[in-house]
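What follows is a single structure, written as structure tokens, with notes after it.
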Amino acid sequence: MPIDADVARRSPARCQLEQSPARGEGILDRLGSHAAAPAPRHPGADEIHRGKRQKFYTVLSDLVHGEVIGLAPERTKDSLTGLLTTSLDARQRAAVEAVCTDMHRPYLNAAADVARGHRRARQVSRRAACGRGPG
Numbered sequence: 009m010p011i012d013a014d015v016a017r018r019s020p021a022r023c024q025l026e027q028s029p030a031r032g033e034g035i036l037d038r039l040g041s042h043a044a045a046p047a048p049r050h051p052g053a054d055e056i057h058r059g060k061r062q063k064f065y066t067v068l069s070d071l072v073h074g075e076v077i078g079l080a081p082e083r084t085k086d087s088l089t090g091l092l093t094t095s096l097d098a099r100q101r102a103a104v105e106a107v108c109t110d111m112h113r114p115y116l117n118a119a120a121d122v123a124r125g126h127r128r129a130r131q132v133s134r135r136a137a138c139g140r141g142p143g
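Read in order, the letters of the sequence shown correspond to residues 9 to 143 in this note's numbering.
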């Protein structure tokens with residue numbers, strides 16, 4: 009049975025559960041007992057454009073591992089603030105060393121607001137400084 013791209017990205021235990029529910033009994037319980045995901049030390053914030061009607065989405069990603077952490081509609085300060093506070097728990101937010109953004113002022117403000125209270129966090133506004141090429 010071919011496995012589609014969505015299933016291939018999921019954990020092996022979840023794939024096993026979807027392919028054979030009888031064999032997967034208790035797997036979801038065991039999944040919760042594993043260690044929490046590593047905290048992204050250098051998250052990046054950017055936007056993507058979808059469709060002809062200027063639909064923008066804010067994307068929060070782990071630049072080191074190349075994984076999407078969260079996606080929010082619109083391109084606003086509130087959308088990035090929401091992603092930084094809901095997609096990352098307190099432990100993960102405390103581990104952030106730098107938030108990499110472009111020069112979009114609402115993103116800069118959101119990163120600064122969330123970084124307040126976390127001594128280690130700083131803000132990097134150029135992709136080049138984050139190792140992502142010319143910025």
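Don't be surprised by glycine CBs; every beta carbon is placed ideally from N, CA and C.
As the structure is a computational prediction, the values presented were derived from the model and not from experiment.
Problem - Same chain, Cβ closer than 6 Å to Ser41, neighbours up to 5 away in sequence not counted - result: Within the sequence shown, numbered from 1, the residue matching residue 41 stands at position 33. Reliability fails at Ser41, whose pLDDT of 45 lies under 50, so the model's placement of it is uncertain and the value that follows must be treated cautiously. Scanning its chain for C-beta atoms nearer than 6 Å, with the 5 sequence neighbours on each side dropped, one finds no residue around Ser41.
Problem - Buried or exposed by the 16-neighbour rule on C-beta atoms within 10 Å, applied to Ile77 - result: Working through the sequence shown from its first residue, we reach residue 77 at position 69. Around the Cβ of Ile77, a 10 Å sphere holds 16 or more other Cβ atoms; the residue is buried.
Exercise for the section: Look up Asp1 in the DSSP assignment and give the residues it is bridged to. Expected result: Because the chain is modelled from 9 through 143, residue 1 falls outside the range shown and cannot be assessed.
Problem - Separation of Gly90 from Arg124, as counted between CA atoms - result: For the purposes of this step, residue 124 is identified with residue 116 of the sequence shown, where counting begins at 1. For the purposes of this step, residue 90 is identified with residue 82 of the sequence shown, where counting begins at 1. Their Cα atoms are separated by approximately 15 Å.
Practice task
Spell out a yes or no on whether the region 58-65 and the region 97-114 are touching, meaning 3 or more CB-CB pairs, one atom from each, closer than 8 Å.
Solution key: No, they do not touch.
Handout entry: Helix, strand or coil at Leu96 according to DSSP, with G and I counted as helix
Key = Here residue 96 refers to the residue found at position 88 of the sequence shown. The answer is coil: DSSP assigns Leu96 none of H, G, I, E or B.
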